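Working notes, beginning with the structure itself.
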Amino acid sequence: MDLETLQRQICKKYESKYIEFNLSDRVAIALQSLGQQPIYAVRVALKKPDNVSWFIHCGEYSSADDFYQPLHASHLQQYLPEILPYLALEHGYHVIIDEHGYEDVWMNPTTD
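Rendered as structure tokens:
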């Protein structure tokens, strides 16, 4: 099954509009957290001049200024392919998944 089909299925399952997300788009990812579990992701509304709407980390969150690094989403195919089906969810969605099949997805309209 192709990625767009998977993304549309996830959007339907969680009653989200499908918001196209291209692999050329950028995400913010905590590279130093890769390999930890679970995987957390949140999509925020873009504010000019920002061009990152997804923030992704694994394991424990850190409030350090350099916790997240910008990355083209195409690199997620190598680093975190399991998060790709969720990236078409609309702004305000939060995702927690892990390697054992845990999945928690919810909308928080106040996420900005």
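Every letter in the sequence shown is one number past the one before it in the UniProt record's numbering, and letter 75, counting from 1, is 75. We treat Cβ as the ideally placed atom computed from N, Cα and C, and that holds for glycine. Remember, it's a predicted structure, so these values are computed and weren't measured experimentally.
In chain order, what residues of the same chain lie with their CB nearer than 7 Å to the CB of Leu71, ignoring the 5 residues before and after it?
For Leu71, where only same-chain residues beyond five positions count, the Cβ hits under 7 Å are Arg26, Val27 and Ile29.
Do Leu89 and Tyr40 have their C-beta atoms closer together than 8 Å?
A distance of 8 Å or more separates the beta carbons of Leu89 and Tyr40.
Do we get a CB-CB distance below 8 Å when we pair Gly101 with the residues of chain B?
No chain B is present in this structure, which holds just one protein chain.
Can you tell me whether Ala64 is buried or exposed, with buried defined as 16 or more other CB within 10 angstroms of its CB?
exposed
Using CA atoms only, rank isn't needed, just tell me which of Ser16, Gln37 and Glu20 is closest to His100.
Gln37
Measuring straight from C-alpha to C-alpha, what distance separates Glu82 and Asp98?
9 Å
Quick one, which of Tyr102, Trp106, Val42 and Tyr93 has its alpha-carbon nearest residue 114's?
Given a span of 1 to 112 for the chain in the structure shown, any question on residue 114 remains unanswerable.
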